[in-house]
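Asks: Residue numbers (the working numbering): 9 to 126. Yeah, the Cβ is synthetic: ideal placement off N, Cα and C, and Gly gets one too.
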Amino acid sequence: MITNSIKFSGLDGKILKSSPHGNFQVVQFSKRVIICGTFSNKFGWSEIPEEQSGFESFITYIGCKSKTEYSQLKNITQTLDGHCEELRPAKRNPNFKLEFKVRELSSQSVRELIKALR
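1. Just the C-alpha distance for residue 65 and residue 75, rounded to the nearest angstrom, thanks.
2. Under 8 Å Cβ to Cβ from residue 30, same chain only, skipping five residues before and after it: list those, please.
3. In terms of DSSP beta bridges, what is residue 35 paired with?
4. With residue 55 as the anchor, note down where its beta strand (DSSP E) starts and where it stops.
5. Answer with buried or exposed for residue 100, where buried requires no fewer than 16 other C-beta atoms within 10 angstroms of its C-beta.
Given below as structure tokens:
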């Protein structure tokens, strides 16, 4: 059965994209917060398993409007122990022109981030 939703740490996520080989899925939790989760972690990301989704690891992407907003969002994310990469043109988030990757967030931190950004 093909589904376009997934559970992740108690959150309902919408699957935006699945890789042809089935290794990863791009999942949206809010207009701003998206993750790319991998089932096999063949890319060698930091190991942060999440039981409900079955992801071995994931990277969080945060949509952003400007460099000024990036600074504010980066501060919020770092308080949750996330490691932010530089702002870039959006590749994963269709709702924003800009985004940045956040590595090392726990699934609990993703939930807290979504709450903080509401």
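Replies: Quick answer:
1. By one-based count along the sequence shown, residue 65 stands at place 57. By one-based count along the sequence shown, residue 75 stands at place 67. C-alpha separation (whole angstroms): 28 Å.
2. Within the sequence shown, numbered from 1, the residue matching residue 30 stands at position 22. For residue 30, same chain residues with a beta-carbon under 8 Å away, outside a window of 5 residues either side, are 47 in chain order.
3. For the purposes of this step, residue 35 is taken as residue 27 along the sequence shown, with counting starting at 1. Note: residue 35 sits in a beta bridge opposite 23, 43.
4. Taking the sequence shown and counting its residues from 1, one reaches residue 55 at position 47. For residue 55, no beta strand (DSSP E) segment is defined, and its DSSP state is neither H nor E.
5. In the sequence shown, the residue the question calls residue 100 occupies position 92. Result: buried.
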